[in-house]
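In full-length UniProt numbering, the protein residues as written are 1 to 261.
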């Protein structure tokens, strides 16, 4: 029946949102893509309102990002705990240092006029976070670059392990992490600048935080599917671009690999 088919599709969507395609194991809820918005939004909201705790929230933000990146990686090759810990500390430390360092550099730029400094301070958070996100993805998934990822033929058979496919997977994922924060940094300030002028918010300043939280939640909810839809999770690559030993092992023109999310 139609109802039965719709139930099957719904079950498939739920399964794909919860189960890792390589390991077949459940992904811990805060680190699923479906959990990125509800667990990531509070961090972003406090980040905007409590700038004095910039370092602490950057560490928390990048720690959450690191766990999301790791949990949604290509897991066709096992990752030792030591490798995970090295990647985590490297990713979070470099990401936080980059984001914090750029902000400190601008704040200490005494040669700039106050107006120029203010403009740069408003513009710097996005490239800082985007650069930090790239570092985070690269270091949390660096094991894929050294071990390679499995590539599959049209029947789902493993043809071999490709470092070139791994590089493509990480580059595509890193690009999505650049696109992801764009709307979050652009839209809420614009929307809030109009909302703050409303008589209701002028008279009730305590409503600013919940209203801002809702705006961030809505923006994050829009930007996440936009970013991760840029590339399919099961990506394809032409065999001619891969290692010679893989190209010689198949007659397929195109192979598939799990890019991760």
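Don't be surprised by glycine CBs; every beta carbon is placed ideally from N, CA and C.
Rounded C-alpha distance that separates residue i from residue j
{"i": "residue 94", "j": "residue 226", "result": "26 Å"}
{"i": "residue 155", "j": "residue 260", "result": "20 Å"}
{"i": "residue 149", "j": "residue 142", "result": "11 Å"}
{"i": "residue 82", "j": "residue 89", "result": "11 Å"}
{"i": "residue 22", "j": "residue 76", "result": "6 Å"}
{"i": "residue 216", "j": "residue 157", "result": "43 Å"}
{"i": "residue 246", "j": "residue 189", "result": "50 Å"}
{"i": "residue 240", "j": "residue 74", "result": "22 Å"}
{"i": "residue 175", "j": "residue 203", "result": "42 Å"}
{"i": "residue 214", "j": "residue 100", "result": "26 Å"}
{"i": "residue 33", "j": "residue 12", "result": "16 Å"}
{"i": "residue 126", "j": "residue 87", "result": "23 Å"}
{"i": "residue 228", "j": "residue 248", "result": "32 Å"}
{"i": "residue 60", "j": "residue 199", "result": "35 Å"}
{"i": "residue 233", "j": "residue 20", "result": "11 Å"}
{"i": "residue 253", "j": "residue 113", "result": "58 Å"}
{"i": "residue 35", "j": "residue 108", "result": "37 Å"}
{"i": "residue 84", "j": "residue 78", "result": "10 Å"}
{"i": "residue 7", "j": "residue 197", "result": "47 Å"}
{"i": "residue 244", "j": "residue 25", "result": "33 Å"}
{"i": "residue 283", "j": "residue 201", "result": "A query on residue 283 cannot be resolved here, the shown segment of the chain reaching from 1 to 261 and no further."}
{"i": "residue 177", "j": "residue 80", "result": "25 Å"}
Outcome for residue i when other beta-carbon atoms lying within 10 angstroms are tallied against a minimum of 16
{"i": "residue 140", "result": "buried"}
{"i": "residue 10", "result": "exposed"}
{"i": "residue 220", "result": "buried"}
{"i": "residue 115", "result": "exposed"}
{"i": "residue 5", "result": "exposed"}
{"i": "residue 111", "result": "exposed"}
{"i": "residue 105", "result": "exposed"}
{"i": "residue 205", "result": "exposed"}
{"i": "residue 15", "result": "exposed"}
{"i": "residue 242", "result": "buried"}
{"i": "residue 1", "result": "Unreliable placement is indicated for residue 1, whose pLDDT of 46 sits below 50; the coordinate value is still reported in the next sentence. Looking at its Cβ environment, which holds fewer than 16 other Cβ atoms inside 10 Å, residue 1 is exposed."}
Of the residues the options, the one placed nearest residue i, counting alpha carbons only
{"i": "residue 137", "options": "151, 166, 187, 126", "result": "166"}
{"i": "residue 159", "options": "108, 130, 135, 257", "result": "257"}
{"i": "residue 231", "options": "168, 87, 151", "result": "168"}
{"i": "residue 57", "options": "108, 228, 19, 43", "result": "43"}
{"i": "residue 251", "options": "45, 153, 124", "result": "153"}
{"i": "residue 31", "options": "14, 69, 229, 12", "result": "69"}
{"i": "residue 102", "options": "59, 128, 36, 253", "result": "128"}
{"i": "residue 130", "options": "84, 108, 244, 181", "result": "181"}
{"i": "residue 262", "options": "65, 59, 19, 26", "result": "Any property of residue 262 remains undetermined from this structure, which presents the chain solely from 1 to 261."}
{"i": "residue 124", "options": "185, 45, 113", "result": "185"}
{"i": "residue 218", "options": "41, 35, 25, 8", "result": "41"}
Presumed contact (8 Å Cβ cut-off) between residue i and residue j, rounded CB distance
{"i": "residue 71", "j": "residue 28", "result": "7 Å"}
{"i": "residue 183", "j": "residue 223", "result": "4 Å"}
Cβ pair residue i, residue j closer than 9 Å
{"i": "residue 172", "j": "residue 161", "result": "no"}
{"i": "residue 62", "j": "residue 17", "result": "no"}
{"i": "residue 170", "j": "residue 144", "result": "yes"}
{"i": "residue 187", "j": "residue 211", "result": "no"}
{"i": "residue 179", "j": "residue 132", "result": "no"}
{"i": "residue 208", "j": "residue 192", "result": "yes"}
{"i": "residue 98", "j": "residue 135", "result": "yes"}
{"i": "residue 255", "j": "residue 151", "result": "yes"}
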